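Below is one structure, written out as structure tokens; the observations come after it.
Numbering (the working numbering), first residue to last: 6 to 355.
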């Protein structure tokens, strides 16, 4: 089909079982690690499928449905098979509405940042806020960033949204204590676009805020698009004095290779390892290993997704100093930050 996309037509009686078996065999065949110039690459295939039923369906519609199923896999986890269904049909229609609404949106009026605190357990204080984009559309209501960010990328709008959210987040920073950092998310497009990175650096340097108070978060998925360009842009950010964090650590294809080959300052442990950390010995082992890795490489480590007091206590006992999650606070608009900082009781009393 072009690039790294391929298609095949399967004729079989047991359609679902055959598709799942073939998907498994494909990933088994191509997932053997490959070393290129010392960088370990693990390839996996994301697959979307559409089953032809008795109802008539054109070849074009068949392709579009399979392609959307593939898009869904890439957006929600990669490396899996998704078969087009009635649920995906509803999602596709919703994305079409998002596309139409975003094309005509007044992003300055409709988009805004919210902030979630990151807690320094040892100091018992908020050490940073993560800025997260929100969109309140007058026509379709509140839209999740997981839904509208990919659409904004496809429409070529993401750079403007990134700069707007960064500008407004910096404005809020001026009301914080000088020791408090801003953690700001970069999209896959941002990470691989040097013009965007240079503009963020320019904005940072003209803000009168010291560069080391900025932490730019990137995901491993974003690195897959153009690793070398991403590495160059990460280096630019660090040379400008900012910090760089690898988000959702442990869920990507080449996590350790990225740590080895990227100039990073911080790792953020994915929430999937935190949600069952009290009972799952595998999650406990993974978190301990990441904490040890960060200590050995002189990097900070943040555990994401802590929702209960017992999870916070467990992470604290393991030596995790920085924790983020709903237990402390959900993302909040700027109007609530000062009240939160004044009233928040962060660490539960023993």
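Heads up, the beta-carbon is just placed ideally off N, CA and C, and yes, glycines get one too. Bear in mind that the values here come from a model prediction, so they are computed numbers and not experimental data.
Distance between beta carbons of residue j and residue i, contact taken as under 8 Å
| i | j | result |
| --- | --- | --- |
| residue 271 | residue 307 | 7 Å |
| residue 326 | residue 127 | 5 Å |
| residue 160 | residue 107 | 6 Å |
| residue 131 | residue 346 | 6 Å |
| residue 219 | residue 254 | No, residue 219 and residue 254 are not in contact; Cβ-Cβ is about 19 Å, not under 8 Å. |
| residue 38 | residue 27 | Between residue 27 and residue 38 the Cβ distance is about 22 Å, and since that is not below 8 Å, they are no contact. |
| residue 98 | residue 75 | The pair is not a contact, with the Cβ atoms about 17 Å apart (cut-off 8 Å). |
| residue 204 | residue 168 | 6 Å |
Residues near residue i by beta carbon distance below 6 Å, same chain, minus five either side
| i | result |
| --- | --- |
| residue 193 | 227, 230 |
| residue 355 | Note that residue 355 scores 45 on pLDDT, short of 50, meaning its location in the model is unreliable; the coordinates nonetheless yield the value given after this. For residue 355, where only same-chain residues beyond five positions count, there are no Cβ hits under 6 Å. |
| residue 217 | 246 |
| residue 186 | 133, 218, 220 |
| residue 202 | 238, 241 |
| residue 212 | 175 |
Alpha-carbon to alpha-carbon, residue j and residue i
| i | j | result |
| --- | --- | --- |
| residue 133 | residue 268 | 21 Å |
| residue 163 | residue 86 | 28 Å |
| residue 251 | residue 116 | 25 Å |
| residue 64 | residue 182 | 59 Å |
| residue 343 | residue 166 | 25 Å |
| residue 111 | residue 144 | 12 Å |
| residue 237 | residue 8 | 24 Å |
| residue 90 | residue 21 | 12 Å |
| residue 207 | residue 113 | 20 Å |
| residue 80 | residue 322 | 34 Å |
| residue 305 | residue 299 | 6 Å |
| residue 121 | residue 19 | 48 Å |
| residue 367 | residue 262 | Because the chain here runs from 6 to 355, residue 367 falls outside it and cannot be looked at. |
| residue 12 | residue 30 | 15 Å |
| residue 70 | residue 233 | 33 Å |
| residue 124 | residue 62 | 53 Å |
| residue 34 | residue 41 | 18 Å |
| residue 156 | residue 264 | 29 Å |
| residue 198 | residue 17 | 44 Å |
| residue 10 | residue 303 | 40 Å |
| residue 78 | residue 215 | 40 Å |
| residue 290 | residue 332 | 23 Å |
| residue 129 | residue 14 | 59 Å |
Beta-carbon proximity list for residue i, same chain, < 8 Å, skipping 5 on both sides
| i | result |
| --- | --- |
| residue 118 | 136, 137, 138, 139, 170, 173, 174, 177, 339 |
| residue 256 | 225, 275, 277 |
| residue 67 | 55, 57 |
| residue 293 | 323 |
| residue 32 | 49, 50, 84 |
| residue 335 | 121 |
| residue 36 | 47, 48, 49 |
Residues of its chain near residue i, where Cβ-Cβ distance is below 7 Å and the 5 sequence neighbours each way are ignored
| i | result |
| --- | --- |
| residue 281 | 288 |
| residue 310 | 276, 279, 280, 330 |
| residue 72 | 53 |
| residue 209 | 216, 219, 245, 247 |
Residue interval of the alpha helix (DSSP H) (run including residue i)
| i | result |
| --- | --- |
| residue 64 | 64-81 |
| residue 125 | Premise fails: residue 125 lies in the beta strand (DSSP E), 116-125, not in any alpha helix (DSSP H). |
| residue 97 | 91-108 |
| residue 278 | No alpha helix (DSSP H) contains residue 278, which DSSP labels as neither H nor E. |
Any non-hydrogen atom of the ligand MN closer than 6 Å to residue i Cβ
| i | result |
| --- | --- |
| residue 200 | Ligands are entirely absent from the displayed structure, and the ligand MN is therefore not among its contents. |
For residue i, the first and last residue of its enclosing beta strand (DSSP E)
| i | result |
| --- | --- |
| residue 190 | 186-190 |
| residue 249 | 248-254 |
| residue 52 | 52-54 |
| residue 138 | 130-142 |
| residue 327 | 327-329 |
| residue 223 | 219-224 |
Touching by the beta-carbon criterion (3+ pairs, under 8 Å), the segment 90-108 and the segment 141-152: yes
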